[in-house]
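*Asks:* A single structure is presented below for examination.
Numbering (the UniProt record's numbering), first residue to last: 1 to 87.
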């Protein structure tokens, strides 16, 4: 009876096989063994269409000048001008 139960637990793909802690090796079977031996990590996938050249170092005078221009631009006036609402 014990042998049958053990084999049944091993044969059914959806059941984890093995013990926990000191009573076994962990859960080895199907997706459980994949998850047990997998090292999970975060993956960041970039979705930028254009990679801006001033985003990364090395920083030279031309890149710093472009960044200053980006930060000093008044985007509200630019938007109003594009919409034809600026006098």
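We put the beta carbon where it would ideally sit given N, CA and C, even for glycine. Since we're looking at a predicted model, the values are computed, not measured.
1) On the DSSP letters alone, give me the boundaries of the alpha helix (DSSP H) that residue 68 sits inside.
2) In angstroms, rounded to a whole number, what distance separates the CA positions of residue 39 and residue 56?
3) In whole angstroms, what separates the C-alpha of residue 72 from that of residue 78?
4) Straight-line CA distance for residue 82 to residue 70?
5) How would you write the range of the alpha helix (DSSP H) that residue 81 sits in, first residue to last?
*Replies:* In short:
1) Sequence index remark: in the chain shown, residue 68 carries index 68 (1-based). Counting along the chain, the alpha helix (DSSP H) containing residue 68 begins and ends at 61-72.
2) Taking the first residue of the chain shown as 1, we reach residue 39 at position 39. Taking the first residue of the chain shown as 1, we reach residue 56 at position 56. Approximately 30 angstroms between the Cα atoms of the pair.
3) Taking the chain shown and counting its residues from 1, one reaches residue 72 at position 72. Taking the chain shown and counting its residues from 1, one reaches residue 78 at position 78. About 12 angstroms.
4) Numbered from its first residue, the chain shown carries residue 82 at position 82. Numbered from its first residue, the chain shown carries residue 70 at position 70. For the pair residue 82 and residue 70, the Cα-to-Cα distance works out to about 17 angstroms.
5) Mapped onto the chain shown, residue 81 falls at position 81. Counting along the chain, the alpha helix (DSSP H) containing residue 81 begins and ends at 75-83.
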